[in-house]
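Peer 1: Numbering (the numbering used here), first residue to last: 97 to 434. From the three backbone atoms N, C-alpha and C, an ideal C-beta is built for every residue, glycine too. Treat the numbers as computed from the prediction; the structure is a model and nothing was measured. Would you mind keeping the following structure in view while I ask a few things?
Set out below in C-alpha coordinates:
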(Lines of atoms letter the chains of each structure in order from A and count residues from 1; the text may use other names and numbers.)
(Lines give C-alpha, C1' and ligand atoms only; values in the text may rest on other atoms or scores of the structure.)
Protein backbone atom coordinates (compact mmCIF):
# COMPACT_ATOMS: atom_id res chain seq x y z
CA UNK A 1 0.00 0.00 0.00
CA UNK A 2 2.90 2.40 0.66
CA UNK A 3 3.81 2.19 -3.03
CA UNK A 4 0.28 3.23 -3.95
CA UNK A 5 0.49 6.15 -1.53
CA UNK A 6 3.70 7.37 -3.15
CA UNK A 7 2.39 6.72 -6.66
CA UNK A 8 -0.70 8.81 -5.96
CA UNK A 9 1.44 11.68 -4.70
CA UNK A 10 3.75 11.54 -7.72
CA UNK A 11 0.77 11.48 -10.08
CA UNK A 12 -0.45 14.67 -8.43
CA UNK A 13 2.91 16.19 -9.46
CA UNK A 14 2.30 15.18 -13.09
CA UNK A 15 4.40 12.02 -13.13
CA UNK A 16 3.09 9.18 -15.28
CA UNK A 17 3.24 6.21 -12.93
CA UNK A 18 3.00 2.53 -13.83
CA UNK A 19 3.44 -0.59 -11.70
CA UNK A 20 5.50 -3.62 -12.73
CA UNK A 21 3.99 -6.65 -10.97
CA UNK A 22 4.38 -10.40 -11.07
CA UNK A 23 0.95 -12.02 -11.53
CA UNK A 24 0.35 -14.60 -8.81
CA UNK A 25 -2.31 -15.77 -6.40
CA UNK A 26 -3.33 -13.02 -4.00
CA UNK A 27 -1.71 -10.20 -5.99
CA UNK A 28 -2.96 -6.62 -5.92
CA UNK A 29 -3.05 -6.06 -9.67
CA UNK A 30 -6.80 -5.56 -9.97
CA UNK A 31 -6.84 -3.15 -7.04
CA UNK A 32 -3.92 -1.14 -8.44
CA UNK A 33 -5.73 -0.87 -11.76
CA UNK A 34 -8.91 0.20 -9.98
CA UNK A 35 -6.92 3.13 -8.60
CA UNK A 36 -6.23 4.29 -12.15
CA UNK A 37 -2.67 3.01 -12.63
CA UNK A 38 -1.36 0.96 -15.53
CA UNK A 39 0.13 -2.40 -14.57
CA UNK A 40 2.95 -4.00 -16.54
CA UNK A 41 2.72 -7.74 -15.93
CA UNK A 42 6.05 -9.48 -15.50
CA UNK A 43 6.62 -13.10 -16.52
CA UNK A 44 5.31 -15.59 -13.93
CA UNK A 45 7.22 -18.83 -13.32
CA UNK A 46 5.93 -22.02 -14.93
CA UNK A 47 5.87 -23.63 -11.49
CA UNK A 48 5.21 -21.28 -8.53
CA UNK A 49 7.83 -21.37 -5.79
CA UNK A 50 6.54 -21.93 -2.25
CA UNK A 51 8.50 -19.88 0.33
CA UNK A 52 9.86 -21.93 3.21
CA UNK A 53 9.50 -19.04 5.66
CA UNK A 54 8.85 -15.30 5.90
CA UNK A 55 12.60 -14.76 5.43
CA UNK A 56 12.77 -16.77 2.20
CA UNK A 57 12.84 -13.55 0.19
CA UNK A 58 14.12 -15.10 -3.06
CA UNK A 59 11.19 -17.52 -3.06
CA UNK A 60 8.77 -14.64 -2.52
CA UNK A 61 10.34 -13.04 -5.61
CA UNK A 62 9.73 -16.36 -7.46
CA UNK A 63 13.16 -16.20 -9.18
CA UNK A 64 16.67 -14.91 -8.63
CA UNK A 65 17.27 -11.14 -8.53
CA UNK A 66 19.22 -11.46 -11.79
CA UNK A 67 16.32 -13.18 -13.54
CA UNK A 68 13.85 -10.68 -12.16
CA UNK A 69 15.97 -7.69 -13.21
CA UNK A 70 16.32 -8.98 -16.76
CA UNK A 71 12.60 -9.72 -17.00
CA UNK A 72 11.88 -6.21 -15.73
CA UNK A 73 14.22 -4.67 -18.32
CA UNK A 74 12.52 -6.58 -21.14
CA UNK A 75 9.17 -5.21 -20.00
CA UNK A 76 10.35 -1.71 -19.02
CA UNK A 77 13.19 -0.61 -21.32
CA UNK A 78 13.39 2.87 -19.83
CA UNK A 79 11.97 5.04 -17.04
CA UNK A 80 12.75 8.29 -15.30
CA UNK A 81 12.55 6.62 -11.88
CA UNK A 82 12.50 2.95 -10.88
CA UNK A 83 11.15 2.47 -7.36
CA UNK A 84 11.40 -0.97 -5.76
CA UNK A 85 9.81 -2.34 -2.60
CA UNK A 86 10.79 -5.98 -2.12
CA UNK A 87 13.14 -7.67 0.34
CA UNK A 88 14.82 -9.67 -2.45
CA UNK A 89 15.62 -6.57 -4.52
CA UNK A 90 18.91 -5.02 -3.48
CA UNK A 91 22.31 -4.07 -4.90
CA UNK A 92 22.44 -7.05 -7.28
CA UNK A 93 19.12 -6.20 -8.97
CA UNK A 94 19.82 -2.47 -8.97
CA UNK A 95 23.27 -2.84 -10.52
CA UNK A 96 21.84 -4.77 -13.47
CA UNK A 97 19.10 -2.19 -14.05
CA UNK A 98 21.51 0.73 -13.64
CA UNK A 99 23.87 -0.76 -16.24
CA UNK A 100 21.16 -0.71 -18.91
CA UNK A 101 19.00 2.28 -17.98
CA UNK A 102 19.64 5.91 -17.11
CA UNK A 103 16.89 5.79 -14.51
CA UNK A 104 17.18 7.17 -11.01
CA UNK A 105 16.70 4.30 -8.56
CA UNK A 106 14.86 4.35 -5.26
CA UNK A 107 14.46 1.53 -2.74
CA UNK A 108 11.96 1.28 0.09
CA UNK A 109 13.67 -0.83 2.74
CA UNK A 110 13.73 -1.57 6.45
CA UNK A 111 16.42 -4.27 6.63
CA UNK A 112 19.52 -2.06 6.20
CA UNK A 113 20.63 -3.93 3.10
CA UNK A 114 23.32 -2.72 0.69
CA UNK A 115 21.89 -0.79 -2.26
CA UNK A 116 23.03 0.79 -5.49
CA UNK A 117 20.26 3.37 -5.37
CA UNK A 118 19.99 7.15 -5.58
CA UNK A 119 17.41 7.29 -2.80
CA UNK A 120 16.68 4.90 0.06
CA UNK A 121 13.62 5.21 2.31
CA UNK A 122 13.56 3.41 5.67
CA UNK A 123 10.61 4.40 7.85
CA UNK A 124 11.69 2.31 10.85
CA UNK A 125 11.35 4.14 14.15
CA UNK A 126 14.80 5.11 15.40
CA UNK A 127 16.55 4.29 12.13
CA UNK A 128 19.42 6.65 11.16
CA UNK A 129 20.80 7.43 7.72
CA UNK A 130 24.24 6.47 9.02
CA UNK A 131 23.00 2.89 9.52
CA UNK A 132 23.27 2.46 5.74
CA UNK A 133 26.60 2.07 3.95
CA UNK A 134 25.11 2.86 0.55
CA UNK A 135 26.21 5.93 -1.40
CA UNK A 136 22.75 7.27 -2.18
CA UNK A 137 20.62 9.69 -0.18
CA UNK A 138 18.98 8.00 2.81
CA UNK A 139 15.77 9.26 4.42
CA UNK A 140 15.43 7.33 7.65
CA UNK A 141 12.98 7.30 10.53
CA UNK A 142 9.24 7.42 11.04
CA UNK A 143 9.07 11.01 9.72
CA UNK A 144 9.29 9.38 6.29
CA UNK A 145 6.52 6.82 6.78
CA UNK A 146 4.51 6.65 3.55
CA UNK A 147 0.95 7.08 4.75
CA UNK A 148 -2.16 7.99 2.83
CA UNK A 149 -2.76 11.74 3.05
CA UNK A 150 -5.96 11.09 4.98
CA UNK A 151 -3.79 10.28 8.00
CA UNK A 152 -2.07 13.66 8.15
CA UNK A 153 -5.44 15.32 7.59
CA UNK A 154 -6.90 13.45 10.59
CA UNK A 155 -3.83 13.78 12.85
CA UNK A 156 -5.44 16.61 14.82
CA UNK A 157 -8.58 14.50 15.28
CA UNK A 158 -6.37 11.80 16.74
CA UNK A 159 -4.98 14.34 19.20
CA UNK A 160 -8.51 14.90 20.48
CA UNK A 161 -9.23 11.26 21.28
CA UNK A 162 -10.91 10.62 24.62
CA UNK A 163 -10.14 7.59 26.76
CA UNK A 164 -13.01 5.08 26.55
CA UNK A 165 -14.90 4.83 29.84
CA UNK A 166 -17.00 1.70 29.37
CA UNK A 167 -16.90 -0.51 26.28
CA UNK A 168 -13.85 0.17 24.09
CA UNK A 169 -13.95 -0.41 20.35
CA UNK A 170 -11.05 -2.70 19.46
CA UNK A 171 -9.59 -2.97 15.95
CA UNK A 172 -7.68 -6.18 15.14
CA UNK A 173 -5.48 -6.06 12.05
CA UNK A 174 -2.65 -8.55 11.53
CA UNK A 175 -1.87 -7.80 7.90
CA UNK A 176 -3.25 -9.20 4.68
CA UNK A 177 -2.10 -12.81 5.07
CA UNK A 178 -1.89 -13.57 8.81
CA UNK A 179 -0.52 -17.07 8.18
CA UNK A 180 -0.46 -18.09 11.87
CA UNK A 181 -4.10 -17.01 12.31
CA UNK A 182 -3.22 -14.56 15.07
CA UNK A 183 -6.48 -12.68 14.45
CA UNK A 184 -8.56 -15.64 15.59
CA UNK A 185 -6.26 -16.34 18.54
CA UNK A 186 -6.75 -12.74 19.71
CA UNK A 187 -10.52 -13.01 19.43
CA UNK A 188 -10.58 -16.32 21.30
CA UNK A 189 -8.48 -14.81 24.10
CA UNK A 190 -10.56 -11.64 24.56
CA UNK A 191 -14.09 -12.12 23.23
CA UNK A 192 -16.36 -12.95 26.13
CA UNK A 193 -13.66 -12.02 28.64
CA UNK A 194 -13.76 -8.22 28.31
CA UNK A 195 -16.51 -5.66 27.84
CA UNK A 196 -15.56 -4.49 24.36
CA UNK A 197 -16.67 -4.63 20.74
CA UNK A 198 -14.30 -5.96 18.09
CA UNK A 199 -13.70 -5.24 14.42
CA UNK A 200 -11.31 -7.69 12.76
CA UNK A 201 -9.80 -6.86 9.39
CA UNK A 202 -8.63 -9.85 7.34
CA UNK A 203 -8.61 -10.08 3.55
CA UNK A 204 -9.74 -13.01 1.47
CA UNK A 205 -6.09 -13.52 0.48
CA UNK A 206 -5.47 -15.09 3.89
CA UNK A 207 -5.44 -18.89 4.13
CA UNK A 208 -7.43 -18.47 7.36
CA UNK A 209 -10.08 -16.21 5.85
CA UNK A 210 -12.99 -18.66 5.82
CA UNK A 211 -12.23 -20.06 9.26
CA UNK A 212 -12.19 -16.59 10.78
CA UNK A 213 -15.29 -15.53 8.86
CA UNK A 214 -17.20 -18.59 10.10
CA UNK A 215 -16.09 -17.95 13.70
CA UNK A 216 -17.29 -14.34 13.62
CA UNK A 217 -20.73 -15.05 12.19
CA UNK A 218 -23.50 -14.86 14.76
CA UNK A 219 -21.29 -13.53 17.55
CA UNK A 220 -22.34 -10.39 19.36
CA UNK A 221 -19.93 -7.46 19.32
CA UNK A 222 -17.65 -9.05 16.69
CA UNK A 223 -17.55 -7.71 13.13
CA UNK A 224 -15.36 -9.06 10.34
CA UNK A 225 -14.43 -6.95 7.31
CA UNK A 226 -12.14 -8.01 4.49
CA UNK A 227 -11.11 -4.58 3.24
CA UNK A 228 -11.28 -0.91 4.10
CA UNK A 229 -11.02 1.84 1.52
CA UNK A 230 -10.38 4.38 4.27
CA UNK A 231 -8.11 2.98 6.99
CA UNK A 232 -7.68 6.40 8.59
CA UNK A 233 -11.40 6.75 9.23
CA UNK A 234 -11.63 3.14 10.43
CA UNK A 235 -8.83 3.65 12.95
CA UNK A 236 -10.32 6.91 14.15
CA UNK A 237 -13.55 5.07 14.97
CA UNK A 238 -11.73 2.71 17.36
CA UNK A 239 -10.19 3.18 20.81
CA UNK A 240 -7.61 0.39 20.84
CA UNK A 241 -5.72 -1.55 18.18
CA UNK A 242 -4.18 -5.00 18.25
CA UNK A 243 -1.97 -5.79 15.30
CA UNK A 244 1.32 -6.75 13.76
CA UNK A 245 4.11 -4.13 13.99
CA UNK A 246 4.36 -3.51 10.26
CA UNK A 247 3.60 -0.39 8.24
CA UNK A 248 0.27 0.04 10.02
CA UNK A 249 2.25 0.87 13.17
CA UNK A 250 2.81 4.37 11.79
CA UNK A 251 -0.84 4.71 10.80
CA UNK A 252 -1.93 3.87 14.33
CA UNK A 253 0.67 6.21 15.81
CA UNK A 254 -0.33 9.11 13.57
CA UNK A 255 -3.88 8.89 14.90
CA UNK A 256 -2.84 8.34 18.52
CA UNK A 257 -4.37 4.86 18.66
CA UNK A 258 -3.01 2.92 21.68
CA UNK A 259 -1.88 -0.51 20.55
CA UNK A 260 -0.82 -4.00 21.46
CA UNK A 261 1.64 -5.33 18.88
CA UNK A 262 2.20 -8.99 18.09
CA UNK A 263 5.24 -9.66 15.85
CA UNK A 264 4.51 -12.30 13.22
CA UNK A 265 7.86 -12.26 11.40
CA UNK A 266 11.53 -11.79 12.26
CA UNK A 267 11.73 -8.52 10.36
CA UNK A 268 9.04 -7.06 12.67
CA UNK A 269 10.93 -7.68 15.90
CA UNK A 270 13.11 -4.56 15.65
CA UNK A 271 10.09 -2.36 14.95
CA UNK A 272 8.28 -3.96 17.87
CA UNK A 273 11.19 -3.32 20.24
CA UNK A 274 11.38 0.33 19.18
CA UNK A 275 7.64 0.86 19.68
CA UNK A 276 7.80 -0.63 23.17
CA UNK A 277 10.95 1.31 24.12
CA UNK A 278 9.33 4.57 23.02
CA UNK A 279 6.24 3.87 25.12
CA UNK A 280 4.07 3.75 22.02
CA UNK A 281 2.78 0.17 22.31
CA UNK A 282 2.68 -2.92 24.48
CA UNK A 283 3.90 -6.28 23.19
CA UNK A 284 2.58 -9.82 23.31
CA UNK A 285 4.40 -12.64 21.55
CA UNK A 286 2.46 -14.88 19.20
CA UNK A 287 2.99 -18.01 21.29
CA UNK A 288 1.81 -16.19 24.43
CA UNK A 289 -1.50 -14.78 23.21
CA UNK A 290 -3.58 -17.20 25.24
CA UNK A 291 -1.60 -16.69 28.45
CA UNK A 292 -0.65 -12.99 28.27
CA UNK A 293 -3.05 -11.03 26.09
CA UNK A 294 -5.84 -10.52 28.61
CA UNK A 295 -3.47 -9.07 31.24
CA UNK A 296 -1.78 -6.89 28.63
CA UNK A 297 -5.17 -5.61 27.49
CA UNK A 298 -5.98 -4.59 31.08
CA UNK A 299 -2.56 -2.90 31.30
CA UNK A 300 -3.29 -0.95 28.12
CA UNK A 301 -6.53 0.37 29.59
CA UNK A 302 -4.57 1.62 32.60
CA UNK A 303 -1.85 3.21 30.45
CA UNK A 304 -4.16 4.37 27.65
CA UNK A 305 -3.46 8.10 28.02
CA UNK A 306 0.33 7.83 28.06
CA UNK A 307 0.32 5.46 25.06
CA UNK A 308 -1.99 7.83 23.19
CA UNK A 309 0.25 10.83 23.81
CA UNK A 310 3.48 9.00 22.99
CA UNK A 311 2.06 7.67 19.73
CA UNK A 312 1.29 11.12 18.42
CA UNK A 313 4.91 12.20 18.88
CA UNK A 314 6.51 9.68 16.52
CA UNK A 315 4.55 10.22 13.30
CA UNK A 316 2.66 13.20 11.87
CA UNK A 317 1.62 11.43 8.67
CA UNK A 318 3.48 13.82 6.37
CA UNK A 319 6.18 11.40 5.22
CA UNK A 320 4.82 11.12 1.69
CA UNK A 321 5.16 14.89 1.26
CA UNK A 322 8.80 14.77 2.42
CA UNK A 323 9.68 11.85 0.15
CA UNK A 324 7.95 13.41 -2.85
CA UNK A 325 9.82 16.66 -2.24
CA UNK A 326 13.15 14.79 -2.22
CA UNK A 327 12.27 13.00 -5.48
CA UNK A 328 11.48 16.35 -7.11
CA UNK A 329 14.76 17.76 -5.78
CA UNK A 330 16.84 14.85 -7.12
CA UNK A 331 15.03 15.08 -10.45
CA UNK A 332 15.98 18.75 -10.70
CA UNK A 333 19.61 18.07 -9.78
CA UNK A 334 19.85 15.20 -12.25
CA UNK A 335 18.36 17.22 -15.11
CA UNK A 336 20.93 19.97 -14.57
CA UNK A 337 23.84 17.52 -14.54
CA UNK A 338 23.06 16.05 -17.96
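With a cut-off of 8 Å on the beta carbons, I'd call residue 271 and residue 370 a contact; round off their distance for me.
Peer 2: In fact, because the Cβ distance is near 18 Å, the residues do not count as touching under 8 Å.
Peer 1: What are the boundary residues of the beta strand (DSSP E) that residue 320 is part of?
Peer 2: Element bounds for residue 320: 318–321.
Peer 1: Going by Cα to Cα distance, which pick from 395, 430, 187 and 372 is closest to residue 407?
Peer 2: Nearest of 395, 430, 187 and 372 to residue 407, Cα basis: 372.
Peer 1: Note down the Cα distance separating residue 418 from residue 240, rounded to an integer number of angstroms.
Peer 2: Residue 418 and residue 240: Cα-Cα distance of roughly 7 Å.
Peer 1: Would you kindly check if the distance between the Cβ of residue 120 and the Cβ of residue 140 is under 8 Å?
Peer 2: In contact: residue 140 and residue 120 (Cβ atoms closer than 8 Å).
Peer 1: Which same chain residues, not among the five before or five after residue 188, have their C-beta less than 8 Å away from its C-beta?
Peer 2: 161, 162 and 165.
Peer 1: Less than 8 Å between C-beta atoms, sequence neighbours within five positions excluded: which residues of the same chain meet that for residue 169?
Peer 2: Same-chain partners within the cutoff: 192, 193, 196 and 197.
Peer 1: Is the segment 123–130 touching the segment 253–265, taking contact as three or more C-beta pairs under 8 Å?
Peer 2: Not touching, per the Cβ criterion.
Peer 1: For residue 251 versus residue 353, is the C-beta spacing smaller than 8 Å?
Peer 2: Contact: no.
Peer 1: For the candidate residues 359, 386, 344 and 260, whose alpha-carbon lies nearest to that of residue 287?
Peer 2: Ranking 359, 386, 344 and 260 by Cα distance to residue 287 puts 386 first.
Peer 1: Identify, in the order they occur along the chain, each residue of the same chain with its Cβ nearer than 7 Å to the Cβ of residue 412, setting aside the five sequence neighbours on each side.
Peer 2: Once the five neighbours on either side are set aside, the close Cβ partners of residue 412 are 248, 251 and 350.
Peer 1: For the segment 351–395, list the beta strand (DSSP E) runs that are entirely contained and at least 3 residues long, ordered along the chain.
Peer 2: Whole beta strand (DSSP E) segments, 3+ residues: 355–357 and 377–379.
Peer 1: Report yes or no: do the segment 353–367 and the segment 330–338 share at least 3 C-beta pairs separated by less than 8 Å?
Peer 2: At 8 Å Cβ cutoff, the stretches touch.
Peer 1: Taking the C-alpha atoms as reference points, what is the distance between residue 154 and residue 324?
Peer 2: Taking the straight line from one Cα to the other gives about 30 Å.
Peer 1: Please report the residue range of the alpha helix (DSSP H) in which residue 328 lies.
Peer 2: Run containing residue 328: 327–332, per the alpha helix (DSSP H) assignment.
Peer 1: Whole angstroms are fine: how far does the CA of residue 224 sit from the CA of residue 279?
Peer 2: Going from the Cα of residue 279 to the Cα of residue 224 covers about 32 Å.
Peer 1: Helix, strand or coil for residue 224? Go by DSSP, reduced to three states.
Peer 2: If DSSP states are grouped into helix, strand and coil, residue 224 belongs with coil.
Peer 1: Going by C-alpha to C-alpha distance, which of 144, 151, 322 and 149 sits closest to residue 158?
Peer 2: Ranking the options by Cα distance to residue 158, first place goes to 144.
Peer 1: Report buried or exposed for residue 275, applying the criterion of at least 16 other Cβ atoms within 10 angstroms of its Cβ.
Peer 2: Burial call: exposed.
Peer 1: What is the rounded straight-line gap between the Cα of residue 176 and the Cα of residue 150?
Peer 2: If you take the alpha carbons of residue 176 and residue 150, they lie about 32 Å apart.
Peer 1: Starting from the C-beta of residue 237, find all residues in its chain whose C-beta is less than 6 Å away, skip the five residues before and the five after it, and write them out in chain order.
Peer 2: So the list reads 223, once near-sequence residues are dropped.
Peer 1: Less than 8 Å between the beta carbons of residue 105 and residue 416, yes or no?
Peer 2: Against a cut-off of 8 Å, the Cβ pair of residue 416 and residue 105 comes out as a contact.
Peer 1: Step through the CB atoms of chain D and report whether any lies within less than 8 Å of the CB of residue 133.
Peer 2: Of the chains in the structure shown, none is chain D; there is only one protein chain.
Peer 1: Helix or strand or just coil, what does DSSP make of residue 302?
Peer 2: In the structure shown, residue 302 sits in coil (DSSP, three-state: anything other than H, G, I, E or B).
Peer 1: Ends of the alpha helix (DSSP H) at residue 99?
Peer 2: Here the alpha helix (DSSP H) through residue 99 covers 98–108.
Peer 1: Just verifying my parser: in three-state terms, what is the DSSP assignment at residue 426?
Peer 2: It is helical.
Peer 1: Roughly how many whole angstroms lie between the Cα atoms of residue 361 and residue 428?
Peer 2: Between residue 361 and residue 428, the C-alpha separation is close to 39 Å.
Peer 1: Using the Cβ count rule (16 or more neighbours within 10 Å means buried), how would you classify residue 342?
Peer 2: By the 10 Å Cβ count, residue 342 comes out buried.
Peer 1: What residue does the alpha helix (DSSP H) around residue 168 start on, and which one ends it?
Peer 2: Element bounds for residue 168: 161–171.
Peer 1: In chain order, what residues of the same chain lie with their CB nearer than 6 Å to the CB of residue 400, ignoring the 5 residues before and after it?
Peer 2: Contacts found: 259 and 354.
Peer 1: If we require 3 or more residues per run, which beta strand (DSSP E) segments fall completely within the segment 234–278?
Peer 2: The qualifying runs are 265–269.
Peer 1: Tell me the DSSP secondary structure of residue 398 in three-state form.
Peer 2: Residue 398 falls in the helix class under three-state DSSP.
Peer 1: When the Cα of residue 110 is compared with those of 420, 430 and 282, which residue comes out closest?
Peer 2: The option with the nearest alpha carbon to residue 110 is 420.
Peer 1: Terminal residues of the continuous alpha helix (DSSP H) containing residue 116?
Peer 2: Taken as a continuous stretch (DSSP letters only), residue 116 belongs to no alpha helix (DSSP H), being part of the beta strand (DSSP E) at 114–117.
Peer 1: Since residue 138 and residue 116 should fall inside the 8 Å C-beta cutoff, what is the C-beta to C-beta distance between them, to a whole number of angstroms?
Peer 2: So it is a contact: roughly 6 Å between Cβ atoms.
Peer 1: Helix, strand or coil: how does DSSP classify residue 125 here?
Peer 2: Helix at residue 125.
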